[in-house]
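There are 2 protein chains.
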Amino acid sequence: MDEREATATGESCLRVDAIAKVTGRARYTDDYVMAGMCYAKYVRSPIAHGYASQIDSTEARALPGVLAVFTWEDVPELPFPTAGHAWTLDPEKRDIADRYLLTRHVRHHGDAVAIVVARDELTAERAAHKVKVEWEALPVITTPEAAMAEGAVAIHEGGNVLKSSEISAGDPQSMIAAAKYQFQNHFQTPVVQHCHMEGVTSFAWMEEDQRITIVSSTQIPHLVRRIVAQALGMSWSAIRVIKPYVGGGFGNKQDVLEEPMAAFLTSRLGGIPVKVSLSREECFMATRTRHAFTIDAQLGIERDGTLKGYCMDVLSNTGAYASHGHSIAAAGGNKISYLYPRSAFGYRATTCYTNLPTAGAMRGYGAPQLIFALESLLDDAATALKLDPLDIRLRNAAQEGDINPVNKKTIYSAGLPECLRKGRELFEWDKRRAECAAQHGNLRRGVGVACFSYGSNTWPVGVEIAGARVLLNQDGFIHVQSGATEIGQGADTVFSQMVAETIGVPVNQVRVISVQDTDVTPFDPGAFGSRQSYVAAPALREAARQLREKIILHAAEMLHQSALNLTLRHGMIAMTERPEMPLISVAEVAMDAFYHPERGAQLTAEASVKTITNPPAFGCTFVDLMVDVALCKITINRILNVHDSGRILNPLLAEGQVHGGMGMGIGWSVFEEMIIDETSGLVRNPNLLDYKMPTMMDLPTLESAFVDSCEPQSAYGHKSLGEPPLISVAAAIRNAVLMATGVGINTLPLTPKRLFTEFRQAGLIEG
Amino acid sequence: MDEREATATGESCLRVDAIAKVTGRARYTDDYVMAGMCYAKYVRSPIAHGYASQIDSTEARALPGVLAVFTWEDVPELPFPTAGHAWTLDPEKRDIADRYLLTRHVRHHGDAVAIVVARDELTAERAAHKVKVEWEALPVITTPEAAMAEGAVAIHEGGNVLKSSEISAGDPQSMIAAAKYQFQNHFQTPVVQHCHMEGVTSFAWMEEDQRITIVSSTQIPHLVRRIVAQALGMSWSAIRVIKPYVGGGFGNKQDVLEEPMAAFLTSRLGGIPVKVSLSREECFMATRTRHAFTIDAQLGIERDGTLKGYCMDVLSNTGAYASHGHSIAAAGGNKISYLYPRSAFGYRATTCYTNLPTAGAMRGYGAPQLIFALESLLDDAATALKLDPLDIRLRNAAQEGDINPVNKKTIYSAGLPECLRKGRELFEWDKRRAECAAQHGNLRRGVGVACFSYGSNTWPVGVEIAGARVLLNQDGFIHVQSGATEIGQGADTVFSQMVAETIGVPVNQVRVISVQDTDVTPFDPGAFGSRQSYVAAPALREAARQLREKIILHAAEMLHQSALNLTLRHGMIAMTERPEMPLISVAEVAMDAFYHPERGAQLTAEASVKTITNPPAFGCTFVDLMVDVALCKITINRILNVHDSGRILNPLLAEGQVHGGMGMGIGWSVFEEMIIDETSGLVRNPNLLDYKMPTMMDLPTLESAFVDSCEPQSAYGHKSLGEPPLISVAAAIRNAVLMATGVGINTLPLTPKRLFTEFRQAGLIEG
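Here the protein sequences line up with chains A and B, keeping their order.
Note that the first sequence covers residues 1 to 767 in my numbering.
Note that the second sequence covers residues 768 to 1534 in my numbering.
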C-alpha cells in the first residue's frame, strides 16, 4: 500500500474557500450574532505614561442602555501573558505575565483603565466618553536607550529591561578581526502595524455549565483558551474557543488580545454575550506592532568576498508590555543563522520596555530587521570591495550539508545558491547591473539583491505538536479536522491536498472543517512561525495513512481479497496489479462500512504528532528601481522573489503568499511607519488615512519564482513559506538605492522625508 | 489494567445538565439566532382529503416583508421517506418514500400545499392566510377497515395497504385450540400525540461551500442529514446537522419533520437563514401521532394458568403518510415476544393509509398497544378461571435460559419473575387484592397488574452502530463526543458515568459535548428504540479503555515504570500494588503528554462499534384504583412500576425515566385522545387546552422499583429503559377497573365518556 500514488500536493488547485470568500458567504466572527449580545468599549488613556488618579463613572452608568462599567479595581489580580506561544513545562521559558485586564498605571497612549458594557455599540462608545478620569503624568520613555538610562522611571516593577541574550558561534570577534576587511554600521527599523483587513474582534458568553465560550478572530484558538483561563483563574478546559474564518492576522492575532476581556465581562454579567470589537484606531494603539530594532552590525570579509564573521548588537523596543517580548529579538538571531553558516556569528540582543504601543509578533518575527542590517552591510562591503553583490552571496550562501553554527543542525536542503542563480537569470541581473553602472543626473537607476533564511517552525524553543482527525462520510467525502488554522494563507487548501494525496482520492473529495472548536478540534498551537504546513503535515499524513489503510482493509473484506492485493487511487479501489481497472469506489466502501449489518464501522483516524526537526527555508529578493533624487522618491521597476521552500505544495497559493509578503515588505521598506511623538509618546497617525500603507496602485508587479527542492525531513518535502517573502525585500531595495545613488540608507522606511535627510547629508541635494 | 476499578455507573449522580436547564442557560434550537433570519409559514389544507385545484398567491406575495411563496409546483420531484431509521443496504427494507415537500393532493387535515417566507414570523403567518386556494374534496377515510374496503379511494398511488406481515412461532392456532380454555377479545387504542414541551423547530442556511447547515430539535441528527439529502437530491455530506439541547421528542422527533423544508427554502433563497417552526396546533395535525391499533386477540390456557398459545391480529392506522409505516406494527410483535416465550405466538398485522394525521414513532413503538390487548386478555382469563393475575404471570413469565420463540435468541437475563415477586411485596398485592374482593356500591376499588417485554435496540431489523471519541484536556478533564443524542432522557449523564468508570476518573471530570454536529460527531443513528445506552456503551467503553491505556502508557514513560505496574483510579496513577498511594494525576500526565518537548502527544481515542445483540428488558405495573361508577371516574390510589433493565446505571435518572413513562402511560390510558371526526377527518382538539394531557395535579404519586439484574451481553450490564415504563400501565389500569367493576374495557382511553358507555352497556349504570 503506497499511500502516495495519487499526486495532489505540488499541483495548483483553487483555494477551497475561494468562492465562499468572493461571494461573501464565508462567515467571520462579526457574522455570528447572538440573542441579547451586548457591546463593550474601553476608556483609554490620552497620555503615554502615568496614573489614573481618579475615575468617576457615575454619568456613564446613568446613560440608558449601559449595563456596567468596570475599572482597574474590578478585574482579577492575576497577571497574565498574551504571547501566542505553546505552553512550556519549564517555568523559566514561559512568557512574561505583565498584563491585567485593566490598569491604573497606564503605560502607552491608549492603554485601558476602564470598560463600559451597553446594549448597543454606540451607547457603549458614548458612555465610555462620559467616564471622567483624572490623570497624573509620569516621564515618557520612547527608546530603549532612554529606558536603560540611569534613573529612568520604571515602566514595570522589574525595571525596563525585559531580557538580554547572546549567541556566539565560531568566535565571531576574532574572525572579524582576522579578516582582511571590516565593515560596520548602525541600522534602525520603524514601528509598523499589521493592518489586517478584519479588525480585532471577539465575543464571549457563559455556557450552561458555567464554562465560557469565546468566538474570536484569532490565529491561535487553543492558546487563547489557555491564556483566558490564566487571566480569569479558571481551569483550561472551562474555556472554549471557536475560530471562524479570519481576515488576516500577520502575527497580531498570535497574541491573545481582547478574548480575556470578553470572557471576563460575560462572567461578571451573568453569562450574557458580550462583544469586544476594536476600531482601527484602537488596533493601531492598543493591539501589537512590529518591534523597532536598533542594530549595530559589523562583519569581517576577505578580498574574495568570503564572509569570515559577522556580529549584531540589537536593542529591541517592545513598548509598554512584554507580549512576545524578548523572544522576537532572540528568535530573529536563530532564524537568520542558517544563511551564511560557514561564517562565525555573534549576536547580542536586549529588549526593553518603553511607553510605545506594545510590539508583538509580526510576519518575519525579528528576521526582517536583522536581515535588513546584515544584507545592507554586506552590500556596503561589496560596494567598497567592488564585488558583485550576487557573487558575494553565492560564495557564502548555505549549501546542502552545511551545519548551522548556532544549533549544530545539518542543513539537508539548501536551495539558496539555486535561488540566486535562477534569479540572476530570470531577473537578468548581470545585464541590468551593467545598465546601472555609473548613474548620474536626477533620475538614477539601481539594482539590489538580498537573501534570507528562516526556520519552518519554533522547535526547539517551543514544543511543536499538531493533530488531525479524518472521517470518511457515506458519500466518500472525507472530513478533516485540524487544530492548525486557516487565517487567509490557504492552509485548508493545502491540507486538503495532503490528505487527498495520502489517501488516494481527488482533492475535491476532501473537506477541511475550517472552524476550530477547542472542545473537540485536535490540539495545535495555531498559525504562526510559518509552522503550520510543516508541523501539521505529519499529523495529517499519519491520520490519512491510517484511514487509507482502513478503507483498503474494509474493501478487502467486501471483495474477499487480501488487503495486500489492493490499492486505492483516484477514489477507487483496484487490484495493485491492475490499477487501471477500478473495482469499487471509496463511497461504496463507506456505505458498506456504515451499513453492513455486522461487519465494519465508521471509518475515522486521528493522529497527534510532535515535530523535532526545523529545516530552514531560503530565498532572495531582486529589485530594479529608479530614484528621483530631487523628489526623494523611489519607483520600483521590477521586483522578484526567488524561494527555496522545499516542494511547493500548491504553486498558485505559494505565488499568492509570496506576492502578499512582498507587498508587505515594500510597505515596511518604503511607506509605513507609526509616527509616535518622541517626547509625549502619542501616536500621531493611528488610522489608514495617515498611516501610509501601500495600496495595489502603489505596488509594482510582483514576481515570484521557486527552485526545485525537497526537504527530506518534511512529510511532503516542503518547508516554510508564510513569513519568508517579506524578509529580504527591504535590504534589496536599500541596496538598489545604494547602487543608484551611492547613499546607503540605514533607517527604514525609505520615505521621501528620510531620503531627503539622507541625500542632503550626502550632498546629493542641497537644502 | 482492569479498567473498571473505579465504580461510577450504578451510582446516582446529578444530571450533568441539571443546573443548565433549571437556570434556563441550556441552549435549545430557538435560542440560536442568525443575522437576517427569515421565517416560513405553511398554507395548510382545511379538508382531510382532496386536491388544491387552484392557488393564487398574488396577494400574499404583495405583502411587504414577504420574500417568496412556494407551492407544490416549486418543490423537487423527489419522493422521500421521513422515518428515522438507519439506512439499509437492502432496498426492500428501506422506508417508504411517499413524501414531497409540498403536495397538491392533500391527504390529511393540515396537509401543506404551499409555504410563505417572510422577514418576520407574523408577516409570514399573515401572508399564508392570504394565499387563496380552491379545494376539490375526495372521500375521507379514517379507519383501516374503510381503507381496505372494496372501491375505497386510493390515498396513495399504490393503494391504501402499506404492508402486511406475519409471525408464527410454535403453531399458535393448534396450541390455542388444544388448550383447555380459549379466550378472545377485540381491542382498540386511540390516536395520541407526543406533546413534547419544545415544539418542532429548525432552521437552515447555506454554507460558504454551497453546503446546507441545519440546526434542529431532533433525536436523529445523522439521519436528518441523510433524509434532507434525499429530499433535495444532494450528496449526504453536503448537509450538516447541528442538534442543540432538545426539549423532548418521544419519537416524534425520530421523524425528519421540517428540516428538509428549511433546507429547501434556504437553497432557493440564496442561502439566507430560514426558520420553520411549528405551532402547537401544527404539531398536532402535521407532525406525528401514535398509531391507533385495532387488535383481535385470542389465547389458549390451561386450568393451572399455563399459557399454551396466543395470537394477535392487528390493523394499524398510519394516517396520511407512511412515516415509520408498518415497522411499528411489525416491531411491536417482536418486542413483546420475549414476555411469555414458552407459549406459541401468532401475530398478523396490516398497516393502512387513512386520512388521519400521520402516525409515527412514539414511546413504546407498537408494544403498548399489543401489551394492552395481551395483558387485558390474560386478565379476562384469570378472572374467568379465578386465578390470581400475578400467579398466572409468574407461571408464564420469561426465565433465564428461555429462548425467544420468534427469533430463537436465548434470554440471558430475565428479571421478570423477580419484578413480579418484588412488586407483590412492595405493593402488598395479596393484602390489597384481598381488600378489593367483592366490591359493590358506587365507589369500587380494584387492583391490577400487567407485564411487558421490550428490546434494547433495533437489531437485527436495523443496523446498530455507535461511535464515541474521547479527548484528554490539559487539566485532566475528559471530553466525550458521541453521536448518541441527549434529548432530555439523561444520556449525557449516563455516558459520563460510563467513561468515568472505564477510565478511572471522577464523573465530574468527564464532560460530554452535548451538541451534535454531523460534520465531526462520531456516527450514531440517534435516540430511539431505547437503544442508546445499550448501543453507545460498547463504543464509549472501547474509546475510554483506549484512552485509559494511553494515559497509563504515558505515565509509565514519565515514571520510568512498566505500564503493567501501574493503575489509574480516581483520576490518579498509582502502582497496582499500592493503589492507595497515588503518584501523579491524570492532569499531570496530560500536561506532560501535551508539552514535553519530544515524547507524547495529545491523548485521544475513538471507537465505532456495531452491536449484534438485543436483550429484552422486562417489567410490570401494579395499580390500585377507585372507580366512581356514577361519575365514571377513575382515581388511582397507588401505582408502582417494577423493572428489570439489567444494571441500573444511575438510579436517580432511572427513577425519573420510569416516572415520566408512567405519567405518559396514565395519559394514554385515562386522559388523552386526539378527537378526529370520523366523517370529515378534521382534528377537533389540536391544542393543549382541548387535548386533555394530564398535568402533575392529575397524576398520583408515581412509584418505581428495580430488581437486581445484570445482562451479560451488555457493556455495563444494562438493558433498555427509555420506553419500557409506559408499556404496561394501560393494561394494569384496565385490569384494576375490571376487578373493581367486573367490566373489562377494551377501548382506550378510559375517559368518563368511555366508562359511561361501557358501564351502561354492562348495566352498572342506567341511562
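Quick reminder that beta carbons are idealized off the backbone N, C-alpha and C, glycines included.
- Message: Do T351 (chain A) and N317 (chain A) have their beta-carbon atoms positioned less than 9 Å apart in this structure?
- Response: yes
- Where does H718 (chain A) sit, in a helix, a strand or coil, going by DSSP? strand
- Query: How big is the Cα-Cα spacing for E859 (chain B) and H596 (chain A)?
  - Reply: 15 Å
- Out of B:T849, B:S812, B:T910, point me to the one whose CA is closest to Y1120 (chain B)'s CA. B:T910
- Give the DSSP bridge partners of T1388 (chain B), in chain order. B:A1217, B:N1408
- Going by CA-CA distance only, name the one from A:Q713, A:D708, A:M664 that's closest to M693 (chain A). A:M664
- Query: Which residues, in chain order, does the stretch 596-620 of chain A contribute to contact with chain B at a C-beta distance below 9 Å?
  - Reply: H596, P597, E598, R599, G600, A601, Q602, L603, T604, A605, E606, A607, S608, V609, K610, I612
- Which runs of the beta strand (DSSP E) spanning at least 3 residues fall entirely within the stretch 565-592 of chain A, listed in chain order? 566-569, 572-575, 582-585
- Message: I need the boundaries of the beta strand (DSSP E) containing I242 (chain A), first residue and last residue.
- Response: In the DSSP assignment, I242 (chain A) falls within the unbroken beta strand (DSSP E) covering 239-243.
- Between which two residues does the alpha helix (DSSP H) harbouring K768 (chain A) extend? In the structure as shown, chain A begins at 1 and stops at 767. Residue 768 (chain A) is therefore absent and cannot be evaluated.
- Contacts of Q1248 (chain B) in chain A (Cβ-Cβ under 8 Å): Against chain A, the beta carbon of Q1248 (chain B) has neighbours under 8 Å at V520, listed in chain order.
- Task: Please list, in chain order, all residues of the same chain as D296 (chain A) whose beta carbon is under 6 Å from its beta carbon, the five residues on each side excluded.
- Result: Taken in chain order, the residues that qualify are H186, D313.
- Straight-line CA distance for K132 (chain A) to I47 (chain A)? 14 Å
- If you drop the 5 nearest sequence neighbours on each side, which residues of the same chain put their C-beta closer than 7 Å to that of R771 (chain B)? Reliability of the predicted coordinates at R771 (chain B) is poor, the pLDDT of 45 falling under 50, and no value is obtained from them.
- Task: Please confirm if the stretch 650-657 of chain A is in contact with the stretch 717-725 of chain A, defined as three or more CB-CB distances below 8 Å between the two stretches.
- Result: yes
- Taking the C-alpha atoms as reference points, what is the distance between L1517 (chain B) and V1043 (chain B)? 36 Å
- Just the chain B side, please: which residues come within less than 7 Å of G199 (chain A) by C-beta, in chain order? Result: empty, since nearest Cβ-Cβ is about 18 Å, beyond 7 Å.
- Message: For M768 (chain B) and S1329 (chain B), I'd like the C-alpha separation in whole angstroms.
- Response: For M768 (chain B), the predicted structure reports a pLDDT of 38, less than 50, and the residue's modelled location is therefore unreliable. The matter cannot be settled from this model.
- Would the stretch 877-887 of chain B and the stretch 828-848 of chain B be scored as touching if the rule is three or more Cβ pairs under 8 Å? yes
- Item | Nearest-angstrom Cα separation, counted from Q1276 (chain B) out to I1245 (chain B) | 6 Å
- Item | 9 Å Cβ cutoff met for K610 (chain A) and E1365 (chain B) | yes
- Query: If you count every other CB in all the chains shown that lies within 10 Å of the CB of L1522 (chain B), and 16 or more means buried, which is it?
  - Reply: buried
- Short CB-CB distance (under 9 Å) between Q474 (chain A) and chain B: yes
- For the stretch 515-544 of chain A, which residues have a CB atom closer than 8 Å to at least one CB atom of chain B, in sequence order? D519, V520, P522, F523
- Message: Under 8 Å, with one C-beta from each stretch per pair, do the stretch 1158-1178 of chain B and the stretch 1107-1115 of chain B reach the 3-pair mark?
- Response: yes
- For the alpha helix (DSSP H) containing R126 (chain A), list its first residue and its last residue. 121-130
- Can you list, in chain order, the residues of the stretch 801-812 of chain B whose Cβ is nearer than 7 Å to any Cβ on chain A? M801, A802
- Looking only at C-alpha atoms, which of A:I328, A:I239, A:V629, A:S680 sits nearest to K163 (chain A)? Nearest C-alpha to K163 (chain A): A:I328.
- Message: Taking CB distances under 9 Å as the criterion, tell me whether W429 (chain A) reaches chain B.
- Response: no
- Give the single residue among B:N1224, B:I934, B:Q1256 whose Cα lies nearest to the Cα of V1302 (chain B). B:N1224
- Message: Among the candidates A:T679, A:D708, A:R684, A:L764, whose CA atom is the shortest distance from the CA of L138 (chain A)?
- Response: A:T679
- Task: Report yes if the CB atom of G251 (chain A) is closer than 9 Å to the CB atom of A361 (chain A), and no otherwise.
- Result: yes
- Query: Taking the C-alpha atoms as reference points, what is the distance between F284 (chain A) and E673 (chain A)?
  - Reply: 11 Å
- Output the boundary residues of the alpha helix (DSSP H) element that contains Q1424 (chain B). 1418-1433
- Task: Name, please, each residue of chain B whose Cβ falls closer than 8 Å to the Cβ of G271 (chain A).
- Result: R792
- In whole angstroms, what separates the C-alpha of P770 (chain A) from that of A382 (chain A)? Beyond the ends of chain A as shown, which are 1 and 767, falls residue 770 (chain A); an answer cannot be given.
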